[in-house]
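In the working numbering, the protein residues as written are 323 to 800.
Report on one structure; see the data block that follows.
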Amino acid sequence: DGDVFKYYSEGEWKKSPSGKSVSIINPTTRKPQFKVQACTQQEVNKVMETAKIAQKQWAKTPLWKRAELLHKAAAILKEHKAPIADCLVKEIAKPAKDSVTEVVRSGDLISYCAEEGVRILGEGKFLVSDSFPGNERTKYCLTSKVPLGVVLAIPPFNYPVNLAVSKIGPALIAGNSLVLKPPTQGAVACLHMVHCFHLAGFPKGLISCVTGKGSEIGDFLTMHPGVNCISFTGGDTGIAISKKAGMIPLQMELGGKDACIVLEDADLDLVASNIIKGGFSYSGQRCTAVKVVLVMESVAYTLVEKVKAKVAKLTVGPPEDDCDITPVVSESSANFIEGLVMDAKQKGATFCQSYKREGNLIWPLLLDNVQPDMRIAWEEPFGPILPVIRITSVEEGIHHCNASNFGLQGCIFTRDINKAMLISDAMETGTVQINSAPARGPDHFPFQGLKDSGIGSQGITNSINMMTKIKSTVINLP
Ligand code: G3H
Numbered sequence: 323d324g325d326v327f328k329y330y331s332e333g334e335w336k337k338s339p340s341g342k343s344v345s346i347i348n349p350t351t352r353k354p355q356f357k358v359q360a361c362t363q364q365e366v367n368k369v370m371e372t373a374k375i376a377q378k379q380w381a382k383t384p385l386w387k388r389a390e391l392l393h394k395a396a397a398i399l400k401e402h403k404a405p406i407a408d409c410l411v412k413e414i415a416k417p418a419k420d421s422v423t424e425v426v427r428s429g430d431l432i433s434y435c436a437e438e439g440v441r442i443l444g445e446g447k448f449l450v451s452d453s454f455p456g457n458e459r460t461k462y463c464l465t466s467k468v469p470l471g472v473v474l475a476i477p478p479f480n481y482p483v484n485l486a487v488s489k490i491g492p493a494l495i496a497g498n499s500l501v502l503k504p505p506t507q508g509a510v511a512c513l514h515m516v517h518c519f520h521l522a523g524f525p526k527g528l529i530s531c532v533t534g535k536g537s538e539i540g541d542f543l544t545m546h547p548g549v550n551c552i553s554f555t556g557g558d559t560g561i562a563i564s565k566k567a568g569m570i571p572l573q574m575e576l577g578g579k580d581a582c583i584v585l586e587d588a589d590l591d592l593v594a595s596n597i598i599k600g601g602f603s604y605s606g607q608r609c610t611a612v613k614v615v616l617v618m619e620s621v622a623y624t625l626v627e628k629v630k631a632k633v634a635k636l637t638v639g640p641p642e643d644d645c646d647i648t649p650v651v652s653e654s655s656a657n658f659i660e661g662l663v664m665d666a667k668q669k670g671a672t673f674c675q676s677y678k679r680e681g682n683l684i685w686p687l688l689l690d691n692v693q694p695d696m697r698i699a700w701e702e703p704f705g706p707i708l709p710v711i712r713i714t715s716v717e718e719g720i721h722h723c724n725a726s727n728f729g730l731q732g733c734i735f736t737r738d739i740n741k742a743m744l745i746s747d748a749m750e751t752g753t754v755q756i757n758s759a760p761a762r763g764p765d766h767f768p769f770q771g772l773k774d775s776g777i778g779s780q781g782i783t784n785s786i787n788m789m790t791k792i793k794s795t796v797i798n799l800p
């Protein structure tokens, strides 16, 4: 069974004794592309055990040595960008150039973690007791940051490599060990990425990667007593995980319905190009995609015409040809998107293009005059479908944004910075972008969602801090 990719445990590539595998369907051909091992609970127990042992030693490894290994992994990852990007093309139908960008961005992210970690973790704090009432200067408190232990990383299909290393880099530099559970679509890209860490020479058992069915090992992993922290990016599963997980720090990013509020004085060409980039890059399969446009009625017609002209120029086809719009990740995803489109049609939305689908490939579609009773006004399509809601006041736009269950990011387009600041203040989202589409990067910026969009804050610096605990030692003078 040489065509089944092995999983990674104890510094070795292994076959699962289950003898079972999981197929990865190529979203473009809709045929099986790769197979990975279907690991069982026994293999999970083993990686947890070795992760715990390896972590103790790793925490004692000098910080500069940890950083050195991360820099090495980053360089090896970049050297292997072509085969890894090729996996992304085949497993998740990400356009060829964007796939390469994902790998390069991941290398940069790892290096930045190494540099930032050296600084953050290299500094301690020194406090004296006499600043608090009733105390003499007889206590010196030294604080440092210590690792949590074993970090479980679960990235989503849309950035299998980048959203894995955004968890691996901070975890490792901070002295933790790491267990990775890749998404099924993107698992092989993840295994290649892990191989780069293997080549860099990290200690055995410090990083493990278990593949398999969520139904078999998902809950077992997230509820495992050996896990000291979970960093998850994905959908609703995160809400279920947060209810079942033990008393451990959680970092979660669970999607969004990012609004784009357009005021009358906005530069409409700038808005249109940001709507295209924000709404349609990777066919809308980004948690930070623009997912609803809330435009003032007086400029709505002009804006919609500008966006329509740009939609007409988007190329649609296979990721190998680097098309702008590529097949969505699965048939069930395409069916879900179609359901939202049909609901909008039945309830009277204006179709700016005709709806077209071939297999998992859905042509980009702008829906104008969307009303609040349509599902597309609230739900996250994760596809190349973008609703436009015409508003008659800024308050209406803010109200729509805040009525969402999600609160990831949002954006405002206006030339009036005072108005932008006031609207930003009123929007209940983790980040507001002024005059640009929502985005997670640059990767050292804080990244967080409110409400159902997540728990905690990501971004390199925040992740390093989140994956450590403060430890104090108090020197008591006589
Ligand atoms: O899909 C969720 C990602 O965190 C979004 O990242 O803004 O770089 O596309 P991005």
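A virtual CB, placed ideally from N, CA and C, is assigned to each residue, including glycine.
{"query": "Please name the residue, chosen from LEU708, CYS531, PHE327, that lies closest to VAL626 on a Cα-to-Cα basis.", "result": "LEU708"}
{"query": "Is the stretch 732-742 close to the stretch 576-584, with three or more CB pairs under 8 Å?", "result": "yes"}
{"query": "Give, in chain order, every unbroken run of the alpha helix (DSSP H) that is at least 4 residues long and sits entirely within the stretch 379-455.", "result": "385-401, 403-414, 418-444"}
{"query": "Please state whether DSSP places ARG762 in a helix, a strand or coil.", "result": "coil"}
{"query": "To the nearest angstrom, report how far apart ALA418 and VAL411 are at their CA atoms.", "result": "6 Å"}
{"query": "Run through DSSP, which three-state label would ASP323 get?", "result": "Any answer about ASP323 is weak, because its pLDDT of 46 lies below 50 and its placement is not dependable; what the coordinates show is given next. ASP323 falls in the coil class under three-state DSSP."}
{"query": "With the cut-off set at 7 Å, would you say LEU513 and PHE327 are in Cβ contact?", "result": "yes"}
{"query": "Would you say SER595 faces chain C, with C-beta separation under 7 Å as the test?", "result": "The structure shown has no chain C; it contains just one protein chain."}
{"query": "If you measure between the beta carbons of ASP690 and CYS674, is that distance less than 7 Å?", "result": "yes"}
{"query": "Applying the 10 Å Cβ sphere with the 16-neighbour rule, what's the burial state of MET789?", "result": "buried"}
{"query": "Taking the alpha helix (DSSP H) that PRO292 belongs to, which residues open and close that run?", "result": "Any property of residue 292 remains undetermined from this structure, which presents the chain solely from 323 to 800."}
{"query": "Can at least three beta-carbon pairs, one atom from the stretch 475-484 and one from the stretch 360-370, be found at a separation below 8 Å?", "result": "no"}
{"query": "Exposed or buried, LYS394, counting other C-beta atoms within 10 Å across all chains shown (16 or more means buried)?", "result": "buried"}
{"query": "Pull up the distance between the alpha-carbon of ASN348 and that of LYS678, whole angstroms please.", "result": "20 Å"}
{"query": "What span of residues does the alpha helix (DSSP H) with TYR623 cover, start to end?", "result": "619-633"}
{"query": "The alpha helix (DSSP H) spanning MET696 covers which residue range?", "result": "Taken as a continuous stretch (DSSP letters only), MET696 belongs to no alpha helix (DSSP H), as it is neither H nor E."}
{"query": "Please confirm if the stretch 524-536 is in contact with the stretch 496-514, defined as three or more CB-CB distances below 8 Å between the two stretches.", "result": "yes"}
{"query": "By Cβ distance below 7 Å, which residues in the same chain neighbour GLY681 in space, the five residues on each side in sequence not counted?", "result": "ARG352, PRO649"}
{"query": "With DSSP as the reference, label GLN507 as helix, strand or coil.", "result": "coil"}
{"query": "Who does ASP580 pair with in a DSSP beta bridge?", "result": "VAL612"}
{"query": "Near ALA381, which residues of its chain fall below 7 Å by C-beta distance, leaving aside the five closest residues on each side in sequence?", "result": "PRO469, GLY497"}
{"query": "Counting C-beta neighbours from all protein chains within 10 Å, is the total for TYR623 16 or more, i.e. buried, or is it exposed?", "result": "exposed"}
{"query": "Less than 8 Å between the CB atoms is what I'm expecting for ILE792 and LYS467, so what's the real figure, rounded?", "result": "6 Å"}
{"query": "Quick check: the stretch 394-405 against the stretch 331-347, are there 3 or more CB pairs under 8 Å?", "result": "no"}
{"query": "With DSSP run on the structure shown, which of helix, strand or coil describes LEU470?", "result": "coil"}
{"query": "Among PRO477, VAL487, CYS409, GLU438, which residue has its Cα nearest to the Cα of SER428?", "result": "VAL487"}
{"query": "Report the start-end ranges of each alpha helix (DSSP H) in the stretch 529-592 that is 4 residues or longer and not cut off at the edges.", "result": "541-544, 559-566"}
{"query": "Starting from the C-beta of LYS628, find all residues in its chain whose C-beta is less than 7 Å away, skip the five residues before and the five after it, and write them out in chain order.", "result": "LEU590, ASP591, ALA594"}
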